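Colleague:
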Amino acid sequence: MARITTSVLKDKKNRKERISMLTAYDYSLAGMVDEAGIDMILVGDSLGMVVLGYENTLAVTMDEMIHHSKTVVRASKNAMVVGDMPFLSYHISKKEAVRNAGRFIQEAGCQAVKLEGGSERVDTVKAILDAQIPVMGHIGLTPQSVHQFGGFKVQGKDLETAKKLVDDAKALDQAGVYCIVLECVPSELARRVTEEVSVPTIGIGAGPHCDGQVLVINDMLGMFQGHIPKFVRKFANLEPLIMEALKNYKAEVEAGTFPAEEHCFTIKEEVLDRLY
Numbered sequence: 075m076a077r078i079t080t081s082v083l084k085d086k087k088n089r090k091e092r093i094s095m096l097t098a099y100d101y102s103l104a105g106m107v108d109e110a111g112i113d114m115i116l117v118g119d120s121l122g123m124v125v126l127g128y129e130n131t132l133a134v135t136m137d138e139m140i141h142h143s144k145t146v147v148r149a150s151k152n153a154m155v156v157g158d159m160p161f162l163s164y165h166i167s168k169k170e171a172v173r174n175a176g177r178f179i180q181e182a183g184c185q186a187v188k189l190e191g192g193s194e195r196v197d198t199v200k201a202i203l204d205a206q207i208p209v210m211g212h213i214g215l216t217p218q219s220v221h222q223f224g225g226f227k228v229q230g231k232d233l234e235t236a237k238k239l240v241d242d243a244k245a246l247d248q249a250g251v252y253c254i255v256l257e258c259v260p261s262e263l264a265r266r267v268t269e270e271v272s273v274p275t276i277g278i279g280a281g282p283h284c285d286g287q288v289l290v291i292n293d294m295l296g297m298f299q300g301h302i303p304k305f306v307r308k309f310a311n312l313e314p315l316i317m318e319a320l321k322n323y324k325a326e327v328e329a330g331t332f333p334a335e336e337h338c339f340t341i342k343e344e345v346l347d348r349l350y
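Residue numbers (the working numbering): 75 to 350.
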């Protein structure tokens, strides 16, 4: 298989085939996500919370994003790898936005970037596209705007905000994004947006009517001890298994039962005899 491309994703929407996306931040998990046939891997700024232990995504830097993106790209062969542009990496100027987006492509080897915002980001999106870099949009609950929203809240529930979300989606579509993430919006509103735009929509907390879905991998594998949003389904619950393994390891080390003979290497007695 070759890498998934923007045209492959567009064809999937046209054929009404669902698109799968997961986050990944390290070599081991990214390799498994790729081998499982997931269409896209998002190196999300969510790594700030699930990997780096920050309170939210706002503290994540470009250097941290590039570091993890390089790792994911090395692990993947087929999935499109999308670098998530962190807070302030595209807000200050179009020139800086293009430079930072270019780092994801040139340094990390990603095939696309994602940024948050709707109509207010159109000029930035166009500038990045002019540099031949595919852009994924992200509207609804945009975590980098958490302070402005007053917390992690569902977006688009009243007429004004619902209309803005539809208008933002159309603006991003017309600007040339290849895909739009819809986060924490009512499912019927997500259906309307999906019908109104020509590019695939990827839902997270946006119901079943989007063209695809994305989850944070640590959440869906049951590996994250923090708050788990309502929209997350745990496809596994690995934390208890991991904790059991860790405790068993500790117990066997302390008891002297690990390592056992089968874990050890041998040396000839005559070699040992000649040491002294």
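Where a beta carbon is used, it is the ideal one built from N, C-alpha and C, also for glycine.
Owing to the predicted nature of the structure, the values given are computational and were not obtained by experimental measurement.
(1) Under the assumption that I202 contacts R177 (Cβ atoms under 8 Å), give the Cβ distance between them as a whole number of angstroms.
(2) Tell me, which residues are paired with T97 by DSSP?
(3) Are the beta-carbon atoms of V255 and I278 separated by less than 8 Å?
(4) According to DSSP, is K231 helix, strand or coil?
(5) Would you mind reading off the limits of the alpha helix (DSSP H) that contains L346?
(6) Which residues bound the alpha helix (DSSP H) around A319?
(7) So is N174 buried or exposed if we call it buried at 16+ other beta carbons inside 10 Å?
(8) Mark D204 as exposed unless 16 or more other C-beta atoms lie within 10 angstroms of its C-beta, in which case mark it buried.
(9) What span of residues does the alpha helix (DSSP H) with T275 cover, start to end?
(10) At what residues does the alpha helix (DSSP H) containing E257 begin and finish?
(11) Is the beta carbon of M154 closer than 8 Å to that of I276?
(12) Got a sec: does the ligand SAH put a non-hydrogen atom nearer than 7 Å to the Cβ of E181?
(13) Inspect the beta-carbon positions of A149 and Y101 and report whether they are closer than 8 Å.
(14) Check M210 in the structure and name its three-state DSSP category.
(15) Would you say I341 reaches chain D, if we count a Cβ-Cβ gap shorter than 8 Å as a contact?
Modeller: In short, the structure shows the following:
(1) With a Cβ gap of about 12 Å, I202 and R177 do not count as contacting.
(2) L116
(3) yes
(4) coil
(5) 343 to 347
(6) 312 to 329
(7) buried
(8) exposed
(9) Careful: T275 lies outside any alpha helix (DSSP H), inside the beta strand (DSSP E) at 275 to 278.
(10) Run containing E257: none in the alpha helix (DSSP H); it sits in the beta strand (DSSP E), 253 to 257.
(11) no
(12) Absence of the ligand SAH from the depicted structure is noted, as is the absence of any ligand whatsoever, leaving it without description.
(13) yes
(14) strand
(15) Chain labels in this structure do not include chain D; a single protein chain is all it has.
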